[in-house]
Every structure is written in C-alpha cells, then in structure tokens.
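Everything below concerns the one structure shown next.
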Amino acid sequence: MRSLQYRPSSFKQLLFSCGGAQTLARIHALIVISGALAGPHSPGHLIAAYARLGDVAAARAVFRTSSNPTISTWNALIVANSRLGSPADVLRLYRLLAARPGLARPDSSTFTLALRACAHLSDLEAGEEIKNRAADLGYRYDVFVCSSLLNLYAKCGKMDDAVKVFDEMPKRDVVSWTTMITGFVNAGEPLEAIGMYKRMRLEGMEGDGIAMVGLVQASAALGDVRMGCSVHGYMVRREINLDVLVETSLVDMYAKNGFLDTALFIFNRMPYKNVVSWSALISGYAQNGLAGDALSMLIKMQDCGLEPDLVALVSAILACSQMGCLKLGKSIHCFIQRRFEFERISATAVIDMYSKCGSLISARALFDRISSRDLISWNTMIASYGAHGCGKHALSLFREMNKTKINPDQATFASLLSALGHSGFVEEGRYWFDRMVREYRIKPGEKHYACIVDLLARAGHVDKAHELIKSMVIEPGIAVWVALLSGCLNHKRLELGQYIAEKVLNLNPDDLGVYSLVSNVYAAAKNWDKVIEVRKVMKSMGMRKVPGYSLVEVCGQLHAFLMEDKSHPHYEKIAEMLQKLGFEMRKMSYVPKTEFVFHDLEEDVM
DNA sequence: ATAGGGTTAG
1 MRSLQYRPSS FKQLLFSCGG AQTLARIHAL IVISGALAGP HSPGHLIAAY ARLGDVAAAR
61 AVFRTSSNPT ISTWNALIVA NSRLGSPADV LRLYRLLAAR PGLARPDSST FTLALRACAH
121 LSDLEAGEEI KNRAADLGYR YDVFVCSSLL NLYAKCGKMD DAVKVFDEMP KRDVVSWTTM
181 ITGFVNAGEP LEAIGMYKRM RLEGMEGDGI AMVGLVQASA ALGDVRMGCS VHGYMVRREI
241 NLDVLVETSL VDMYAKNGFL DTALFIFNRM PYKNVVSWSA LISGYAQNGL AGDALSMLIK
301 MQDCGLEPDL VALVSAILAC SQMGCLKLGK SIHCFIQRRF EFERISATAV IDMYSKCGSL
361 ISARALFDRI SSRDLISWNT MIASYGAHGC GKHALSLFRE MNKTKINPDQ ATFASLLSAL
421 GHSGFVEEGR YWFDRMVREY RIKPGEKHYA CIVDLLARAG HVDKAHELIK SMVIEPGIAV
481 WVALLSGCLN HKRLELGQYI AEKVLNLNPD DLGVYSLVSN VYAAAKNWDK VIEVRKVMKS
541 MGMRKVPGYS LVEVCGQLHA FLMEDKSHPH YEKIAEMLQK LGFEMRKMSY VPKTEFVFHD
601 LEEDVM
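Okay, so the first sequence: first residue is 1 according to UniProt numbering, each after it adds one.
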C-alpha cells in the first residue's frame with residue numbers, strides 16, 4: 001500500500017477491490033493524505049465504496065466534503081441510499097437535482113435509481129414524472145431507464161402499460177425480458193410469462209438464472225412439474241449458477257406440487273440456505289397435508305439457529321388447522337402477535353385455524369380486527385360459518401360483504417352454497433345459485449353444482465337434482481354424483497341409486513368414504529353381491545390408504561379415533577358415554593339411521 | 001464504472 005501512496009489514479013482500482021470497513025478506512029486516509037480529494041478526481045468511487053459496505057453515513061460525509069459534486073458523485077450517494085433501502089431518500093435526492101438544474105444534470109443512472117425507488121414505493125405518479133423528465137433529456141429509449149420503468153409498471157399491476165413500453169423499446173436485453181417474465185408471473189399469468197420467454201429465445205437471447213427463476217415460478221403456478229423439471233435440467237446443462245434464490249424457487253416448485261422427496265433432496269444439498277428456503281419447504285409440507293412434517297421442520301429450523309419468518313409461521317398455522325391442534329395454533333398466534341405487525345394474510349390463516357379447530361368465536365373476533373379485509377378474508381370467514389353449520393351467519397356476512405367494494409367470486413359462492421346446504425336452507429340456496437349465474441356472471445363449477453345437487457337431493461327433490469346434473473355444461477364429476485347418490489339413499493330411491501352408484505364406481509373414486517356410501521346403497525337395496533364386491537375394493541384400498549379419522553384435542557393432548565378402533569386407553573369409558581348420549585338423543589326424538597350401516601359397527605357403537 | 005430483473009404464506 002505504501003508504494004501506492006503517491007499514485008492517486010490507482011485508488012480507483014484499490015477502492016473497487018477493497019474488502020472490509022477497516023481496509024476502506026485506511027485507503028480513505030491515504031487518499032486524504034495524498035491530497036487526491038482536493039484534486040480533479042471525483043470522490044464518487046470513495047462514496048461508492050462506502051455504499052457497497054452499506055455505510056451511508058460515511059458516504060454522506062465524503063459527499064459533503066466535495067465542493068462541486070459531479071453527477072457520478074451524486075449517483076454514488078443515491079446508490080448508498082438505495083442500498084440501505086431508503087427509497088424515500090433516493091427520491092428526495094433525485095428531486096433536489098431535478099429542482100435545481102445548476103447542481104448536476106441527471107443521467108441514465110440517476111433516472112434508473114429514481115424509478116427503482118418508485119417501484120419500491122409503488123409510486124406511479126412520481127414514476128410518470130421521472131419518465132417524462134428522462135425522455136426530455138434523451139433517455140426515452142435507454143435500456144436501463146426502460147427496464148426500471150417496466151418494473152415499476154409490473155409492481156403496480158399495470159402490465160398493459162409495461163407491454164406498451166416494452167414493445168416500443170428498440171433494444172432489449174436479458175434484464176428487460178426478465179422483468180416482463182417476472183411481471184406476468186406476479187400478475188398471475190404464467191402462460192404469458194412463458195410466452196415472453198419463448199419470444200426472447202426466438203430473438204436469439206439466452207436466459208440467465210434470474211430469468212429461470214421466473215420460469216420455475218410459472219411452472220409452479222401451472223402445476224407443470226415436467227416443465228419445471230426441464231427448466232431445472234436446462235440450468236444444469238448450461239452450468240447456470242444455482243444460487244440460493246434459484247434453488248429455493250426449485251424447492252418451492254417441487255414441494256408445492258407434491259414432489260416432496262425431490263424437494264427435500266435439493267434442500268438437503270443446498271450449500272447455503274436461508275429462512276426463505278426453509279419456509280418454502282415447510283409450506284410445501286403444509287400445503288400437501290403433511291402437517292407433522294411441516295411442524296418438525298419448523299423445529300429443525302429453529303434448532304439450526306434460524307428465526308422463523310411470518311411465512312414459516314403461517315405454514316405452521318396451516319398445519320395446526322389440519323391436525324386440530326388448537327393449543328399449538330394459539331401459541332403460534334401469540335408468537336406472531338408479539339413479533340410481527342398485524343397483517344392480513346397471517347390473520348386470515350389464523351381465522352381459518354381457529355375455525356377448523358372449533359373456535360368460531362375466536363375466528364370471528366380476529367376477523368373483526370382486520371381493518372382492510374380482502375376477498376380471501378371474507379371467503380374464509382363465510383366458509384367458517386358454513387363449516388360450523390351456521391347458514392344464517394354465513395348469509396348475513398355475505399350480505400355485509402356485498403355492501404363493500406369487494407366482489408364475491410366463485411369461492412365465495414361455493415362457501416355460501418355449502419353453508420346454506422348444510423343448514424337445510426333449500427330455497428335460499430336455489431335463489432343464490434340462480435343469482436350467482438345471472439347477476440354475478442359466475443360460471444358454476446363442479447363445487448357449486450355439487451352443493452346445489454346436495455341441497456336439492458337432501459330435501460327430497462332427487463329428480464330435480466338429477467335433472468340439474470343432466471343440464472350441466474361441464475362434465476359432472478364424482479362430487480356431483482355422490483351428492484345425488486346420498487340423496488337417493490336418504491330418500492330410498494334405490495333403483496336410481498344403484499344406477500348412480502354404477503356411474504360413481506366407473507369414475508374410480510379415490511376415497512374410502514365414497515365406497516362406503518356406494519356399499520350402503522347396495523346394502524339398502526339388498527344387493528349383497530355388490531356389497532361384497534365393493535367391500536373387497538375397500539379392503540384392498542384400506543391397506544394402501546390411511547383411512548379417515550377424527551381428532552380431538554383435550555388439554556393439549558391429541559386423541560385420534562379410527563373406524564372400528566378400540567385402541568384408545570379410555571375406550572370403555574368413551575363407549576359408555578356414547579351410549580348415554582345416544583339414549584339422551586333418542587329421548588329428544590332423534591332417530592339415528594343405522595339400517596344401512598355394517599353390522600359390526602352397529603353392534604359396537606349403538 | 002455507476003444504474004435495471006430473482007426465493008417463501010392466507
């Protein structure tokens with residue numbers, strides 16, 4: 001370093017390669033001693049070096065020593081603020097320059113930095129102003145300026161405007177293409193994103209790792225693991241560096257779509273993982289119903305010394321709702337409240353958890369605390385009422401929702417119709433189904449038909465339900481037929497029931513409950529050959545599949561009950577209580593339907 | 001030599 005002391009032009013290189021704060025301080029000292037700052041050399045590089053280390057205070061201090069800062073010196077200071085994540089300060093500095101032309105003339109870097117700050121703040125208005133100013137100064141078609149403008153539009157949900165700018169660009173590079181790809185992914189248009197990539201390849205441009213992240217996300221959104229896999233292979237073949245972000249997006253793509261082994265394999269081999277990588281895996285487990293694995297991963301993450309972020313905790317909440325772990329769910333909720341700001345997404349997840357764990361009151365209390373509810377928060381609360389058999393509450397909440405600016409979607413109606421059905425509100429159900437189609441212009445899907453068929457069939461309108469199915473535009477699936485079938489059973493329409501049962505069996509259901517219903521229909525019709533046949537299928541399935549069970553949490557302890565399961569330590573007491581309850585219910589004139597149930601079950605429980 | 005695009009959740 002001593003030999004460099006008197007050669008100020010070498011400082012530039014030195015500053016660029018300098019590693020730590022201490023080295024930088026020494027170089028700074030040398031620069032001061034050599035008198036380089038007083039000379040014609042701009043302190044921009046020194047400021048930039050401090051910016052790279054995130055030391056804005058030092059960057060500012062150096063800036064203040066400069067008497068006539070050039071635009072690069074200004075830019076260096078702006079970068080320092082940008083690095084620190086202070087977009088408001090970036091804009092403040094930009095405005096200072098814009099307001100006083102005598103200071104220094106903003107260049108492409110200045111505009112780019114300012115536009116990026118606007119994207120951070122989602123400030124379209126400021127962005128437009130900057131864009132116009134940039135155009136005036138001759139930067140209208142600058143690739144950097146345009147790319148940051150594209151990004152601003154994309155972040156503000158203005159893909160139409162982004163497309164306009166993009167199409168007018170005379171030159172595009174990998175960044176501008178990638179901005180469009182990512183923009184479409186985030187806009188929920190993965191097919192458009194893929195289309196962009198194809199166009200890019202047609203123009204002879206190769207994508208890099210960041211572009212691949214966009215494609216991996218698009219594959220994940222489409223549930224197209226084959227495509228995701230080929231993107232993965234492409235990166236390996238082209239020796240694109242698989243950094244944390246790329247690998248995390250791969251873990252997410254595989255995990256989300258049920259390929260948890262693959263996801264875990266990649267995850268385990270990641271040389272460096274961060275909180276986001278862990279969260280991606282945890283959410284993958286939770287989304288695939290592997291609640292236990294999700295929770296044990298959360299614990300493992302903490303054992304590795306990492307603090308779970310909100311995403312990991314929301315996934316853990318999801319796991320709790322699947323397992324009915326009210327106590328754990330509550331404590332995670334408290335943990336979230338202590339550490340994070342009140343936030344809509346996590347609140348909605350917690351509402352769902354409380355509801356699924358049986359605590360409807362807590363769910364509603366939290367719903368009332370959300371000040372700006374969105375579609376999903378409304379849908380979740382309406383579905384909660386439905387699941388608890390509170391059709392009235394679901395309907396009145398739905399009416400309240402209609403007073404807001406948020407329009408119900410197909411999920412809202414699926415929840416509403418199911419709520420009305422479970423409460424036996426036949427007329428209301430038919431009424432809202434009708435309005436959904438006519439007024440809200442929502443095309444009924446499988447779920448809606450299943451709800452309405454269930455509702456009609458339950459109320460004894462089996463033929464009407466059958467007619468509705470025949471009038472369906474989409475191919476009726478298992479759910480619809482099962483709804484009708486169960487109506488047939490309840491109303492002793494066994495001739496039709498057997499015909500429907502046949503249809504259901506032909507669709508190869510994957511659900512033991514469906515076979516059980518089919519078997520009951522045949523049993524009611526005394527078609528014993530068929531009963532034996534179906535039970536055989538069930539038996540072979542039972543070996544492969546985990547049968548459904550109910551869970552209840554008592555004092556933080558989970559108790560699971562399977563069909564015909566006597567393994568619980570307090571089985572005797574429980575059976576005794578069940579008998580008592582059955583007796584009480586009969587006294588209140590409730591007549592349980594046991595006539596179709598298998599004999600062994602009948603003897604055991606009733 | 002300064003600047004633009006990237007990972008997880010209801």
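Ideal Cβ placement from N, Cα and C applies to all residues, glycine included. It should be emphasised that the depicted structure is a prediction, and the values quoted were computed from it without experimental measurement.
Compare the C-alpha of residue i against each of the options and name the closest.
i	options	result
MET212	SER148, ASN241 and GLU203	ASN241
LEU103	GLY582, ASN75 and ASP123	ASN75
GLU239	GLU206, HIS461 and SER371	GLU206
ALA286	PHE267, MET323, ASP309 and ALA365	MET323
GLU203	GLY195, LEU417 and ILE210	GLY195
VAL531	ALA523, LYS470 and ALA312	ALA523
TYR440	THR182, ILE406, ILE282 and GLU576	ILE406
GLY358	PHE340, ARG344 and GLY389	GLY389
CYS422	VAL56, VAL437 and ALA450	According to the sequence as given, residue 422 is His; it is not Cys. With distances taken between Cα atoms, HIS422 lies closest to ALA450.
CYS320	VAL311, ASP309, ILE332 and LEU310	ILE332
ARG430	TYR385, LEU455, PRO408 and GLN410	LEU455
PHE259	ARG458, ALA459, GLY284 and ALA48	GLY284
VAL453	ARG435, LEU360 and GLY477	GLY477
LEU290	ASP261, ALA411 and ASP309	ASP261
Using the Cα positions of residue i and residue j, report the straight-line distance between them to the nearest angstrom.
i	j	result
HIS120	VAL79	14 Å
VAL231	SER219	9 Å
ASN257	GLU572	43 Å
THR404	ILE370	14 Å
ALA316	SER372	24 Å
VAL275	ARG364	31 Å
ARG64	LEU46	12 Å
LYS587	ILE574	20 Å
HIS559	LYS327	13 Å
VAL605	CYS488	Bear in mind that the predicted position of VAL605 carries a pLDDT of just 35, short of 50, making it too unreliable to give a figure here.
LYS158	LEU484	45 Å
GLU189	GLU475	26 Å
THR110	VAL145	9 Å
ILE210	LEU84	22 Å
ILE336	ILE351	13 Å
LEU298	PRO271	19 Å
ILE442	PRO408	9 Å
What do you get for residue i, buried or exposed, if any count of 16 or more other CB atoms within 10 angstroms of its CB means buried?
i	result
ARG269	exposed
VAL554	exposed
HIS448	buried
LYS155	buried
TRP177	buried
LYS580	exposed
LEU507	exposed
GLY20	exposed
LYS171	exposed
TRP528	exposed
GLY54	exposed
ARG116	buried
PRO40	For PRO40, the predicted model reports a pLDDT of 49, less than 50, meaning its position is unreliable; a value from the coordinates is still stated below. By the neighbour-count rule (16 or more Cβ atoms within 10 Å), PRO40 is not buried but exposed.
ASN402	exposed
LYS273	buried
ASP123	buried
Rounded to the nearest angstrom, how far is the Cβ of residue i from that of residue j, given a contact under 8 Å?
i	j	result
MET180	LEU150	6 Å
residue 609	LEU397	A question about residue 609 goes unanswered here, because the residues of the chain that appear run from 1 up to 606.
ASP173	VAL143	6 Å
VAL311	SER277	The Cβ separation is near 11 Å, so there is no contact.
ALA280	ALA255	6 Å
CYS415	ALA457	Here residue 415 is Ser; the residue named in the question, Cys, does not match the sequence. Not really, about 20 Å apart at Cβ, beyond 8 Å.
Where do the ends of the alpha helix (DSSP H) carrying residue i lie?
i	result
LEU306	Element bounds for LEU306: n/a, residue is neither H nor E.
CYS118	108 to 121
GLU341	Segment: none, GLU341 is in no alpha helix (DSSP H) and carries neither H nor E.
ASN508	Where ASN508 is concerned, there is no enclosing alpha helix (DSSP H), given that its DSSP letter is neither H nor E.
TYR571	571 to 587
LYS171	Element bounds for LYS171: n/a, residue is neither H nor E.
CYS488	478 to 490
THR380	375 to 387
LYS566	Looking at the DSSP string, LYS566 is not in any alpha helix (DSSP H), and its letter there is neither H nor E.
SER249	244 to 256
THR412	410 to 422
GLN265	Reading the sequence as shown, one finds Phe at residue 265 and not Gln. Residues 260 to 269.
HIS448	446 to 458
VAL145	143 to 155
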